[in-house]
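K.L.:
Residue numbers (my numbering): 1 to 314. Beta carbons: idealized from backbone N, C-alpha and C, even for Gly. These figures come from a predicted structure and were not determined experimentally.
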Amino acid sequence: MSLRILPQDQLAQSSTTIVPFFLPESTPPYAARANRFNELAPGHALEAYLRLCAAISHAQAAAASEVDVAAPVREQRYWDQCALHDLPPLGTEGWPRDPAWRTLLAHLLATLAADPALPAETRTVLERLAASDADGLERRATQLLSGDWSGLDRAEAPFVAAALQVYFNRLAAQLSPLQVGNPYVHAHGCPACGAAPTASRIRPGADGLRYLHCSLCETEWHKVRSSCTQCGGTHDIGYWSLETEDDGRPTERQQPPMRAEGCGDCHAYLKMLDPGKAQNGDVLADDIATLTLDLAMDEKGFERAGPNLLFFPG
Numbered sequence: 001m002s003l004r005i006l007p008q009d010q011l012a013q014s015s016t017t018i019v020p021f022f023l024p025e026s027t028p029p030y031a032a033r034a035n036r037f038n039e040l041a042p043g044h045a046l047e048a049y050l051r052l053c054a055a056i057s058h059a060q061a062a063a064a065s066e067v068d069v070a071a072p073v074r075e076q077r078y079w080d081q082c083a084l085h086d087l088p089p090l091g092t093e094g095w096p097r098d099p100a101w102r103t104l105l106a107h108l109l110a111t112l113a114a115d116p117a118l119p120a121e122t123r124t125v126l127e128r129l130a131a132s133d134a135d136g137l138e139r140r141a142t143q144l145l146s147g148d149w150s151g152l153d154r155a156e157a158p159f160v161a162a163a164l165q166v167y168f169n170r171l172a173a174q175l176s177p178l179q180v181g182n183p184y185v186h187a188h189g190c191p192a193c194g195a196a197p198t199a200s201r202i203r204p205g206a207d208g209l210r211y212l213h214c215s216l217c218e219t220e221w222h223k224v225r226s227s228c229t230q231c232g233g234t235h236d237i238g239y240w241s242l243e244t245e246d247d248g249r250p251t252e253r254q255q256p257p258m259r260a261e262g263c264g265d266c267h268a269y270l271k272m273l274d275p276g277k278a279q280n281g282d283v284l285a286d287d288i289a290t291l292t293l294d295l296a297m298d299e300k301g302f303e304r305a306g307p308n309l310l311f312f313p314g
């Protein structure tokens with residue numbers, strides 16, 4: 001496997017009106033994501049983990065369908081202040097977490113525990129979480145959402161994050177666009193919940209426009225292509241992908257669906273998915289399936305600019 005530098009995109013400016021952000025759809029993404037994980041798993045070096053992620057995604061889908069998350073309710077002044085100052089309405093200190101997220105977690109853990117194929121070590125982690133009291137779970141959630149992951153239990157984190165993803169996704173899906181501020185002000189943070197993006201994608205039906213994909217609630221917001229998602233720089237942007245070789249012979253060179261966009265100014269990078277090159281491509285699933293690309297970018301001195309909350313290395 002070798003690393004190949006791809007030429008910078010040459011993009012024509014669209015005359016179409018740009019939609020600044022897309023809130024999550026009413027139908028959660030988890031069932032389709034589970035199918036993508038299972039599609040990517042066979043023969044993959046991370047097959048076991050991709051299968052586990054598929055099971056987590058299935059459990060997220062079940063929890064989302066069984067547990068109601070109440071629509072966000074606040075006084076109009078709250079929404080006005082968020083819009084005035086371009087603050088993510090679900091990501092401020094004025095938004096306390098509803099205990100519903102713990103109900104989602106309990107449902108998710110029970111669904112996973114019912115799987116007889118679950119590895120013993122994973123089952124132990126689930127049992128430990130299921131036995132935790134409310135205060136302990138809230139501490140875990142607060143630490144995970146703060147971004148300070150020192151001391152975080154990396155084995156537990158994907159399951160806590162999975163429940164929080166469903167909670168914030170269902171909240172964001174019930175927001176009105178008028179309750180969300182300008183996504184261009186704090187471009188690296190989700191305009192709905194404030195979380196960092198996992199990656200970006202070329203959104204189907206959006207004239208080739210690139211949107212950042214929130215790691216938590218899955219809102220997507222527009223970011224001009226060939227510009228750094230971290231510092232906004234435009235003059236030293238490079239694209240990398242991994243090429244495989246079959247029996248020592250180069251395969252036909254086709255632009256892969258997942259590439260890394262790196263900035264020579266701040267040395268940050270984020271992956272970009274082009275679903276047109278992968279019919280069932282999914283930002284979170286395809287990201288985990290291309291961790292080798294992350295290793296290659298790390299070796300080149302780049303630092304990843306956004307997390308995947310289903311994967312906590314350590």
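What does the alpha-carbon distance come out to for the pair T219 and G194?
P.N.:
Taking the straight line from one Cα to the other gives about 10 Å.
K.L.:
Where G147 and S57 are concerned, what is the direct C-alpha to C-alpha distance, given to the nearest angstrom?
P.N.:
Looking at the two C-alpha atoms, the distance is approximately 22 Å.
K.L.:
State yes or no: is the C-beta of H186 nearer than 7 Å to some heavy atom of the ligand ADP?
P.N.:
You won't find the ligand ADP in this model; it holds no ligand whatsoever.
K.L.:
Considering Y78, what are the terminal residues of the alpha helix (DSSP H) in which it resides?
P.N.:
Counting along the chain, the alpha helix (DSSP H) containing Y78 begins and ends at 76-84.
K.L.:
State the DSSP-derived secondary structure class of A54, mapped to helix, strand or coil.
P.N.:
The answer is helix: DSSP assigns A54 an H, G or I state.
K.L.:
Could you give the distance in angstroms between the alpha-carbon of N280 and the alpha-carbon of V73?
P.N.:
Answer to the nearest angstrom: the Cα atoms are 35 Å apart.
K.L.:
Kindly indicate which residue of L164, T124, Y49, I202 has the alpha-carbon position closest to the one of R259.
P.N.:
With distances taken between Cα atoms, R259 lies closest to I202.
K.L.:
How many Å lie between T251 and Y269 at the Cα?
P.N.:
Low per-residue confidence applies at T251: pLDDT is 42, beneath 50, and the placement is therefore not dependable, though the value from the model is reported in the following sentence. Approximately 26 Å, taken between the alpha carbons.
K.L.:
I need the DSSP call for A187, collapsed to helix, strand or coil.
P.N.:
A187 falls in the coil class under three-state DSSP.
K.L.:
Roughly how many angstroms separate the alpha carbons of A172 and Q60, rounded to a whole number?
P.N.:
Spanning the two alpha carbons is a distance of roughly 16 Å.
K.L.:
So is T27 buried or exposed if we call it buried at 16+ other beta carbons inside 10 Å?
P.N.:
Classification of T27: exposed, given that the 10 Å Cβ count is below 16.
K.L.:
Taking the DSSP output, what are the residues bridged to G238?
P.N.:
According to DSSP, which records beta bridges pairwise, G238 is partnered with G262.
K.L.:
Mapping DSSP to helix, strand and coil, what is S146?
P.N.:
Helix.
K.L.:
For I202, which residues does DSSP report across the bridge?
P.N.:
R210, per the DSSP bridge assignment.
K.L.:
Could you check the C-alpha separation between G238 and Q76 for me, to the nearest Å?
P.N.:
Rounded to the nearest angstrom, the two C-alpha atoms are 44 Å apart.
K.L.:
For the alpha helix (DSSP H) that W101 lies in, which residues bound it at each end?
P.N.:
100-113 is the span of the alpha helix (DSSP H), which, as asked, contains W101.
K.L.:
In angstroms, rounded to a whole number, what distance separates the CA positions of E156 and A62?
P.N.:
For E156 and A62, the distance between alpha carbons rounds to 20 Å.
K.L.:
Exposed or buried, which one is N182 when buried takes at least 16 other CB atoms within 10 Å?
P.N.:
Classification for N182: exposed.
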